[in-house]
Amino acid sequence: MTTLFDPLVAGELKLANRIAMAPLTRNRAPGAVPAAMTATYYAQRASAGLLITEATAISHQGQGYSDVPGLYAPEQIAGWRRVTEAVHAAGGTIVTQLWHVGRVSHSALQPGGAAPVAPSAITAKTKTYLVNADGSGSFVPTSEPRALDIDEIPGIVEDYRRAARAAIEAGFDGVEVHAANGYLIDQFLRSGSNQRTDAYGGSIANRARLLVEVMDAITAEIGAGRVGIRISPVTPANDAADPDPQPLFTYVVEQLARWPLAYVHIIEGATGGPRDFQQGEAPFDYAALRAAYAQAGGQGAWMVNNGYDRELAIAAVAAGRADIVAFGKAFIANPDLVQRLRENAPLNAWDSRTFYGGGEHGYLDYPALSSA
Ligand SMILES: C=C(C(=O)O)c1ccccc1
């Protein structure tokens with residue numbers, strides 16, 4: 017019987033175990049450049065089967081929060097190379113999450129103070145994080161976006177391709193496409209944020225068009241075996257909404273089966289919230305989603321996330337419901353989470369006050385078992 021602690025080859029990615037570190041925004045990248053301490057942060061956690069970095073902007077336009085990193089300038093590639101070298105020296109495997117926030121942004125963060133872009137000019141009922149002139153951070157309402165002109169979309173697809181190439185140049189083992197949590201690709205998927213009447217709106221196929229074009233470009237650029245994708249069928253995060261997610265995401269995974277991807281990463285329920293959260297009339301059927309992916313020829317590993325503890329994770333892999341389980345907040349507080357799960361050792365509690373922004377406290381100073 018397969019266990020959570022068994023190795024796995026997912027596409028071109030070699031995982032020492034089936035425990036992933038979920039992408040976690042930490043707002044510690046001034047000027048959108050990974051800080052030197054970030055190399056230590058990820059290297060401390062390199063015993064994970066797979067490290068997925070915090071969400072990383074593919075362009076200036078794709079930035080939505082203060083002090084989040086990018087992957088579209090030479091100094092950013094150099095900053096990330098420090099991270100990948102440290103993680104590989106510690107024996108880890110690491111991919112970066114490629115992110116365009118779409119409407120979840122603020123004009124203060126946009127090139128020339130412009131409006132954020134989105135499929136439609138519908139303001140998200142959500143907030144973003146800005147660092148003020150005095151260095152203090154605060155969550156503020158997102159700005160009203162402008163609808164993308166159809167002629168702008170190829171340029172955004174090119175930004176994804178270019179960022180994927182930059183990820184390989186920076187030494188990453190691969191990339192995860194961020195198609196979850198109400199950001200740009202998810203905004204196109206969901207009818208609550210996409211009311212376009214052109215080839216990128218209306219039908220499910222049209223709303224998934226950007227996702228397909230991005231996956232086509234990135235897999236062609238770096239090879240499908242180095243590409244994962246994250247989706248969140250029912251999350252309400254960042255005002256994401258669609259009244260009928262089952263057929264929508266069934267279509268999405270059927271399209272994802274076109275490429276021999278490394279993995280498909282599913283947020284079950286509301287991100288950081290209840291696992292049984294639903295949108296629409298019926299509970300979402302995750303087993304049916306995975307069956308549809310397999311039925312369509314999908315070969316990627318199936319990664320699950322949201323609210324998993326040791327018992328749930330061990331059971332999910334043993335029962336064949338998941339190939340990999342991603343842990344978020346537990347990895348913030350436990351750099352040696354894999355050892356703790358393996359030994360059923362107590363876990364450090366996390367301090368949410370240091371999740372976003374700040375320095376080494378709450379970032380590098382959580383104790384490992386060996387130092388306790
Ligand atoms: C990238 C994020 C996501 O996927 O939800 C994020 C951004 C800001 C704070 C928390 C999480």
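Under our numbering, the residues of the sequence shown are numbered 17 to 388, in order. The beta-carbon is built from N, C-alpha and C at its ideal position, and this holds for glycine as well.
Cβ shell of residue i (< 6 Å), same chain only, five flanking positions each side left out
i	result
Gln92	Val49 and Gly86
Thr56	Leu380
Ser207	Asp258
Asp214	Ile166
Ligand 1 heavy atom lying under 8 Å from the CB of residue i
i	result
Leu125	no
Leu40	yes
His122	no
Ala257	no
Ala55	no
Asn254	yes
Thr158	no
Trp115	yes
Glu174	no
Thr69	no
Tyr81	yes
Thr370	no
Tyr58	no
Thr287	yes
Arg145	In the sequence as displayed, the identity of residue 145 is Tyr instead of Arg. Yes, ligand 1 has a heavy atom inside 8 Å of this Cβ.
His194	yes
CB of residue i within 9 Å of CB of residue j, strictly
i	j	result
Gly241	Pro276	yes
Pro23	Leu31	yes
Leu114	Tyr58	no
Arg223	Leu264	yes
Ala243	Glu192	Rather than Ala, the amino acid found at residue 243 in this sequence is Val. Yes. Within cutoff.
Gly187	Thr100	yes
Thr54	Arg98	yes
Thr18	Ala334	yes
Arg356	Leu363	yes
Pro161	Ala134	yes
Top-ranked residue by Cα proximity to residue i, from the options
i	options	result
Val71	Asn197, Ala130 and Pro299	It is Ala, not Val, that sits at residue 71 in the sequence shown. Nearest C-alpha to Ala71: Asn197.
Ser319	Glu327, Gln311 and Arg306	The displayed chain sequence assigns Met, not Ser, to residue 319. Of the candidates Glu327, Gln311 and Arg306, the one whose C-alpha sits nearest the C-alpha of Met319 is Arg306.
Pro157	Leu125, Asn350 and Asp258	Leu125
Ala130	Gln77, Val268, Val120 and Phe343	Gln77
Gln262	Asp232, Ala286, Val280 and Gly296	Gly296
Ser219	Val268, Ala236 and Gly151	Val268
Ile35	Ser136, Ala64, Met53 and Gly344	Ala64
Ser75	Val103, Thr112 and His116	His116
Tyr216	Glu168, Val111 and His194	Glu168
Leu20	Trp366, Ile330 and Lys345	Ile330
Ser121	Thr142, Arg274 and Ala180	Thr142
Pro127	Gly80, Ile110 and Arg326	Gly80
Tyr382	Pro252, Ala310 and Trp366	Trp366
Other residues of its chain near residue i: CB distance less than 8 Å, five sequence neighbours each side excluded
i	result
Ala51	Arg44, Ala45 and Gly95
Val173	Leu226, Glu229, Val230 and Ala233
Tyr372	Thr41, Arg42, Asn43, Tyr145 and Gly153
Arg178	Ile74 and Tyr88
Heavy atom of ligand 2 within 8 Å of residue i beta-carbon
i	result
Asn197	Among the ligands present in this structure, namely ligand 1, ligand 2 is not found.
Residues of its chain near residue i, where Cβ-Cβ distance is below 7 Å and the 5 sequence neighbours each way are ignored
i	result
Arg12	Residue numbering for the chain in the displayed model covers 17 to 388; residue 12 lies beyond these limits and cannot be assessed.
Ala317	Leu24, Ala26, Ala278, Tyr279, Asp339 and Ile340
Tyr302	Ile282 and Glu284
Gln294	Val250 and Phe300
Glu185	Ile93
Beta carbon proximity, residue i to chain B, threshold 9 Å
i	result
Trp366	No chain B is present in this structure, which holds just one protein chain.
query = At what residue ranges does the region 295–373 contain a whole run of the beta strand (DSSP E), taking only runs of 3 or more?
reply = 317–321 and 340–343
Beta strand (DSSP E) runs contained entirely in the region 82–149, provided each spans 3 or more residues = 110–115 and 143–147
request  = Could I get the ranges of all uninterrupted beta strand (DSSP E) runs contained in the region 162–244, with 3 residues as the minimum, in chain order?
outcome  = 190–194
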